[in-house]
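In the UniProt record's numbering, the protein residues as written are 1 to 303.
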């Protein structure tokens, strides 16, 4: 069986490796050029292709006539998309004789759309996973082929959950691929009425509203903690980013919402009188100690 693969990120690397291990001929890989403004903390699909001698290209537009002609000439049995960041046009998908399939980082139909793991953590979900589904014109709307779930523990960050979803993606593809190669691809209903679509997130979406309850602020921190841009707050013109935090025990209602120092420890006081114990606070990439923050608070008369 021959496949054309659109792939990026760790999921792209691991799922290409699964295809190779199952004996699929990967005739072409389409990936992205790394964005110089983005923190690249994940594995490289292009590097894997160089190692495995797989042809790889990085076109700007997956809907281009040139790419369509190149894929048509390959006449693939399958087209796969593994964390590729662009939608593929229906005419391109139709070139796959046995179907075109995408690996999505949620338990569809929940959390269709962009950055599903971050949204799931932000909303305090206790479970997510990986779904292989058929690609259609509408994003994440095609029939479900297979799913694998993973837990989201109370203190997991999105980065931690992403690591679990990478493994779940590998397991999902590994387990169902023999049936797909034998022409027995499962196609289960994907009831969109039981889920929601979410768009992308920007760094500015990580701004903390300290008037919110502590659990809400903590979920925001977990959803965008490094290597993502982080939950942040501005005090007297300085932007502070939470690198690491935990929900604090006790009642802190005597303090005004925002950053404070108590017993040489940094806390973020929230609107319900509870707090986050901030274990790592950053300005840019520089750590801020409790003593340094206390000095700044004293300087500006904040504490």
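Yeah, the Cβ is synthetic: ideal placement off N, Cα and C, and Gly gets one too.
Query: Here's a check: name, in chain order, each residue in its chain whose Cβ is nearer than 7 angstroms to the Cβ of residue 348, leaving out the five neighbours to either side.; Result: This structure cannot settle anything about residue 348, because the visible part of the chain is limited to 1 through 303.
Query: Against chain C, does residue 219 count as a neighbour if the rule is that its beta carbon must be under 8 angstroms from one of theirs?; Result: In the structure shown, chain C cannot be found, because there is only a single protein chain.
Query: Count the other CB atoms within 10 Å of the CB of residue 81; is the residue buried (16 or more) or exposed (fewer)?; Result: buried
Query: Once the 5 residues before and after residue 110 are set aside, which same chain residues still bring their CB inside 6 angstroms of it?; Result: 195
Query: Starting from the C-beta of residue 303, find all residues in its chain whose C-beta is less than 8 angstroms away, skip the five residues before and the five after it, and write them out in chain order.; Result: With a pLDDT of 47 at residue 303, under the threshold of 50, the modelled position of that residue is not reliable, and the figure given next carries that caveat. So the list reads 260, 261, 294, 297, once near-sequence residues are dropped.
Query: Compute the Euclidean distance between the alpha carbons of residue 114 and residue 87, then round it to the nearest angstrom.; Result: 11 angstroms
Query: Between the Cα of residue 4 and the Cα atoms of 26, 10, 206, which residue gives the shortest distance?; Result: 26
Query: What are the residues that DSSP puts in a beta bridge with residue 233?; Result: 240
Query: Which ranges does the alpha helix (DSSP H) cover as unbroken runs of at least 4 residues, wholly within the UniProt domain "Formyl transferase N-terminal" (23 to 173), from first to last along the chain?; Result: 45 to 52, 65 to 74, 90 to 93, 116 to 122
Query: What beta strand (DSSP E) runs, 3 residues minimum, are completely inside the UniProt domain "Formyl transferase C-terminal" (202 to 293)?; Result: 231 to 235, 238 to 247, 258 to 262, 265 to 269, 275 to 283
Query: Should residue 188 be labelled buried (16 or more other beta-carbon atoms within 10 Å of its own) or exposed?; Result: exposed
Query: According to DSSP, is residue 303 part of a helix, a strand, or is it coil?; Result: Residue placement at residue 303 cannot be trusted, given a pLDDT of 47 that sits under 50; what the coordinates show is reported in the next sentence. Looking at residue 303 - three-state DSSP - the assignment turns out to be coil, as it is neither helix nor strand.
Query: Measuring alpha carbon to alpha carbon, tell me which of 248, 247, 233 ends up nearest residue 241.; Result: 233
Query: Please state the DSSP three-state secondary structure of residue 21.; Result: helix
Query: Measuring CB atoms only, is the stretch 178 to 193 touching the stretch 243 to 263, in the sense that at least three cross pairs come out at less than 8 angstroms?; Result: no
Query: Checking 8 angstroms against the spacing of the C-beta atoms, do residue 78 and residue 135 come in under that value?; Result: no
Query: In whole angstroms, what separates the C-alpha of residue 21 from that of residue 105?; Result: 22 angstroms
Query: Need the endpoints of the beta strand (DSSP E) that residue 187 sits in, please.; Result: Per DSSP, residue 187 belongs to no beta strand (DSSP E) and is neither H nor E.
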